[in-house]
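The block underneath contains the structure these notes are about, expressed in structure tokens.
Numbering (the working numbering), first residue to last: 13 to 624.
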């Protein structure tokens, strides 16, 4: 992008590069195009550099860290609101173009006395060298406003790195952060740059939920938890005035993964659904047994990272009783998501013709009034505990590390196809040992919270999120089996919605009128869901008892009540997903979370004070 600053000299520009850059209102749209800018529906009406620091100065370039405050006008179902978002923007200012930076990430500034290139820095070797160098020296850099940026090593992998061997490569992943693969003589690493700095929301008494990911990784590392990538270095921004801190940069060992954890369940269900003629009764039974076993073992690793959080001795990682204010806050968040999603769904039915199923779905959700379920949570007053959680856990956030040339997931179900139970069980157990959980940031910060917000939640939130992920896998597999592709084919959206309502038991397969959708296939998939979900719950609860963390879940331990609470949190998660399916995409998947809400809500009942 070409910018003219013909009245500004190079010296004036370098005195305040960030301020000069953001003086151009037109840059708002340029920033909105970036994958990491999450408020794409908002109007940017001002950008201000809140703070900045110099990370490194080279022969013909300087690397800066800019803290840019975006003032936003956001339209929602209640009208137009004002908010602020602060983003961390690492930048290279240079007299020559920087190798490895995409053209779309470069501003070419024409000044009074020459040309300056302003490049978004994350994927450049220069920036990653500066990051590693700062970690090696464990630098503390004072910012222009007297705040502090600190760098600290968290391992030995980066010591002695030969910078001349370093290669930086973008990881084209859809995320609110920026990930770069960094390879050098000491191995391969992943650099994660946190863009959204959270903090004040620009609304009286409100802030964005803090990003706890780096603190969670550090707590797990301190407790010796092994099912996570090795932490190598961290960088924090500390605000002198408020005493608060925000994560800026993280470096971890790269995991050479062959698949995501979800791939195990997709492969197992695919074999079950597509292999009707190939699998006899014994092999179908073995398929379910192996998948149950994997689910049970994976749940144990989740309970183990909860246990690691609790024994890390980090401030804010101890378990404490959930207050009535906590319970009311969780309930209000659920009601808000429900109302936002319903309004968006209703608007979608008005905007698009031929949405009879979607209209029916809205009516069903309204008549169910599931928000009464969330208000009923207060009946557990005095029973619930809260602690640090992953916050957005699903099977796609577990990576299976490579263990040789063969794909172990494929090998696992090859053994099932041959009826080799012993071999399948052994591989299942080896697979789970190679699982590494990632992305401990929690849900996207879409809604502001009160100042003093505590990020701790019920540990059962993570259990519920994984189980709801199984529900997504089952629905999407059923779509594929029926030849439905609603993401690409608009005509498939309504049949897909109807299919999800069938799977959730809201309408009969025969009534749906979807070709190949039979009672038999629906029953088989629901049996699979019941098997993997129940196995995950029991595996988690068994390990929670073994590790002695029951009191971090319920003040008076009761497994039956814990199961009921898990189903509550599944519905809570489904509301988050229903809202996401309405504001973030329009691919015909609304029936997946909606069906789950309709299926579970009528069957959840809380006893007073947790006593059955």
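We put the CB at the ideal spot given by N, CA and C, even for glycine. Treat the numbers as computed from the prediction; the structure is a model and nothing was measured.
> What's the call for residue 591, buried or exposed, on a 16-neighbour Cβ count within 10 Å?
Replying inline: Burial call: buried.
>> By DSSP's criteria, residue 194 is part of a beta bridge. Which residues make up the other side?
In response: DSSP lists 180, 201 as partners of residue 194.
>> Comparing C-alpha positions only, which one of 409, 445, 429 sits nearest to residue 636?
In response: This structure leaves residue 636 out entirely; the chain is present only between 13 and 624.
> Within the chosen definition, does the region 308 to 322 reach the region 366 to 381 through at least 3 CB pairs nearer than 8 Å?
Replying inline: Contact between the region 308 to 322 and the region 366 to 381 is absent, because fewer than three Cβ pairs lie under 8 Å.
>> By alpha-carbon positions, which one of 124, 129, 82 ends up nearest to residue 116?
In response: Each of 124, 129, 82 was checked against the Cα of residue 116, and the nearest Cα belongs to 129.
> Looking at residue 243 and residue 264, is the spacing between their C-beta atoms short of 8 Å?
Replying inline: A contact, by the Cβ cut-off of 8 Å.
> In three-state terms, what does DSSP make of residue 209?
Replying inline: DSSP, reduced to helix, strand and coil, places residue 209 outside both helices and strands of the structure shown, so it counts as coil.
>> Taking the beta carbon of residue 228 as the centre, do at least 16 other beta carbons fall within 10 Å, making it buried, or is it exposed?
In response: So residue 228 ends up on the buried side.
>> Here's a check: name, in chain order, each residue in its chain whose Cβ is nearer than 7 Å to the Cβ of residue 556, leaving out the five neighbours to either side.
In response: Around residue 556: 315, 562, 565.
>> Quick check on this structure: which residue in 272, 295, 344 has the alpha carbon closest to the alpha carbon of residue 419?
In response: It is 272 whose Cα lies nearest to the Cα of residue 419.
> Alpha carbon to alpha carbon, how far is residue 536 from residue 392?
Replying inline: Distance between the alpha carbons of residue 536 and residue 392 is about 35 Å.
> Can you tell which of 322, 329, 302, 399 has the C-alpha that lies nearest to the C-alpha of residue 431?
Replying inline: With distances taken between Cα atoms, residue 431 lies closest to 302.
> Taking just the CA atoms, how far does residue 578 sit from residue 452?
Replying inline: Going by C-alpha positions, residue 452 is about 20 Å away from residue 578.
> What does residue 50 pair with, by DSSP beta-bridge criteria?
Replying inline: Answer is none; residue 50 lacks a bridge partner.
> Applying the criterion that 16 or more other CB atoms from any shown protein chain within 10 Å of the CB defines a buried residue, is residue 293 buried or exposed?
Replying inline: Per the 10 Å Cβ criterion, exposed.
> Relative to the C-alpha of residue 348, which residue among 586, 56, 23 is closest?
Replying inline: Of 586, 56, 23, the residue nearest in Cα terms is 586.
> What number of angstroms, rounded off, separates the C-alpha of residue 28 from the C-alpha of residue 17?
Replying inline: For residue 28 and residue 17, the distance between alpha carbons rounds to 13 Å.
> Helix or strand or just coil, what does DSSP make of residue 163?
Replying inline: Three-state result, residue 163: strand.
> What first and last residue would you give for the beta strand (DSSP E) that runs through residue 116?
Replying inline: No beta strand (DSSP E) contains residue 116, which DSSP labels as neither H nor E.
>> Which same chain residues end up closer than 6 Å to residue 472 when comparing Cβ atoms and leaving out the 5 residues on each side of it in sequence?
In response: Excluding sequence neighbours, residue 472 sits near 577, 578, 581.
> Between the region 186 to 198 and the region 134 to 142, do at least 3 Cβ pairs fall closer than 8 Å?
Replying inline: With a cut-off of 8 Å, the region 134 to 142 and the region 186 to 198 count as touching, because enough Cβ pairs lie within range.
> Do you know how far the Cα of residue 573 is from the Cα of residue 624?
Replying inline: Confidence is the limiting factor: at residue 624 the pLDDT is only 42, short of 50, which leaves the residue's position unreliable, though a coordinate-based value still follows. About 8 Å.
> Can you pull the DSSP bridge partners for residue 271?
Replying inline: Bridge partners of residue 271: 412.
>> Can you tell me where the alpha helix (DSSP H) holding residue 338 begins and where it ends?
In response: In the DSSP annotation of this structure, the continuous segment of the alpha helix (DSSP H) that includes residue 338 starts and ends at 336 to 363.
> Between residue 84 and residue 104, is the Cβ-Cβ spacing less than 8 Å?
Replying inline: No, they are not a contact pair.
> Which residue's Cα is closest to the Cα of residue 594: 357, 259, 86, 450?
Replying inline: Check the Cα spacing between residue 594 and each of 357, 259, 86, 450: the tightest is with 357.
> Which residues in the same chain have their Cβ closer than 6 Å to the Cβ of residue 543, if we skip the five residues on either side of it in sequence?
Replying inline: Excluding residues up to 5 positions away in sequence, 300, 304 lie with their Cβ nearer than 6 Å to the Cβ of residue 543 in the same chain.
> Excluding the five sequence neighbours on either side, which residues of its own chain have a C-beta within less than 6 Å of the C-beta of residue 110, listed in chain order?
Replying inline: By the criterion of a C-beta distance shorter than 6 Å, residue 110 is surrounded in its chain by 104, 131, 136, once the five residues flanking it on both sides are discounted.
> To the nearest whole angstrom, what separates the beta carbons of residue 266 and residue 201, a pair I think is in contact under 8 Å?
Replying inline: Beta-carbon to beta-carbon, residue 266 and residue 201 are separated by about 6 Å, close enough to satisfy the 8 Å threshold.
>> DSSP three-state label for residue 462, please.
In response: Correct three-state label for residue 462: strand.
> Which value, in whole angstroms, describes the spacing of the CA atoms of residue 521 and residue 559?
Replying inline: CA-to-CA, the gap between residue 521 and residue 559 works out to about 44 Å.
>> I want to know whether the region 253 to 260 touches the region 337 to 348 - three or more CB-CB distances under 8 Å.
In response: No, the region 253 to 260 does not touch the region 337 to 348.
>> Going by DSSP in three states, residue 104 sits in which element: helix, strand or coil?
In response: Looking at residue 104 - three-state DSSP - the assignment turns out to be strand.
> So residue 456 and residue 50 are in contact, right, with Cβ under 8 Å, and what is the actual spacing, rounded?
Replying inline: About 7 Å; that satisfies the 8 Å criterion.
>> Taking only three categories from DSSP, how would you classify residue 530?
In response: Residue 530 carries a coil assignment under DSSP once its states are collapsed to helix, strand and coil.
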